[in-house]
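*Asks:*
Residue numbers (the numbering used here): 3 to 235.
#1: So the alpha helix (DSSP H) residue 52 belongs to, where does it begin and stop?
#2: Could you work out which residue in 227, 200 and 201 is closest to residue 213 when comparing CA atoms only?
#3: Mind checking residue 163: buried by the 16 CB within 10 Å criterion, or exposed?
#4: How long is the line joining the alpha carbons of residue 222 and residue 127, rounded to whole angstroms?
#5: Just verifying my parser: in three-state terms, what is the DSSP assignment at residue 195?
#6: How many Å lie between residue 88 and residue 188 at the Cα?
#7: Could you check the C-alpha separation between residue 56 and residue 143 for me, to the nearest Å?
#8: Would you check if there are 3 or more beta carbon pairs closer than 8 Å linking the stretch 88–100 to the stretch 121–139?
#9: Can you find at least 3 beta carbon pairs, one from the stretch 153–160 and one from the stretch 174–190, that sit closer than 8 Å?
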């Protein structure tokens, strides 16, 4: 056999081995498959603390084309408006995706709101203590005409609350080393309020009350199970 032929065969063997190793190492086990069956509209209480669902606010469905996209990305979504005993309203939006691999990641509010015609006026990151965990949250101020809508959100990826794309990728790599694919839950609360300071105060109160009313297993889906290092960049 000629030297060039041996070199070519060696190269092909190396490529085959690399491809085989990549296929073996590719994550195949979905974290969502190990979770007990759940329904977002069942695990999120209709009433807790001083909050209850505002039955006077109609459910607004997204346009058909947007709903089709949501169905491709998420397994479950939930949208509700809550009101407390003082008449303050908070909108809660949850979106769960069982596969947070490339191309199937959640759509963050910075993108979604701007895509719907809102302006992103301000953004900052903060920390919250929920259910005994210290987690990062992202605060936004969005506007559309006279409407001012401050937003608080995070994305729970696997067992960790995240606010940055970089951190979500790191969590995915951590899971990938065990050949697992993390799931993800976008948690977003917002309110119509010209004072972002007051809005964020009410968001925090709402979230603390909500998590306190949930079971240990259900709150793990919402906030993860570990306190998250700071900062997340």
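We put the CB at the ideal spot given by N, CA and C, even for glycine.
*Replies:* The structure says:
#1: Counting along the chain, residue 52 falls outside any alpha helix (DSSP H), and DSSP gives it neither H nor E.
#2: 227
#3: buried
#4: 22 Å
#5: coil
#6: 27 Å
#7: 23 Å
#8: no
#9: yes
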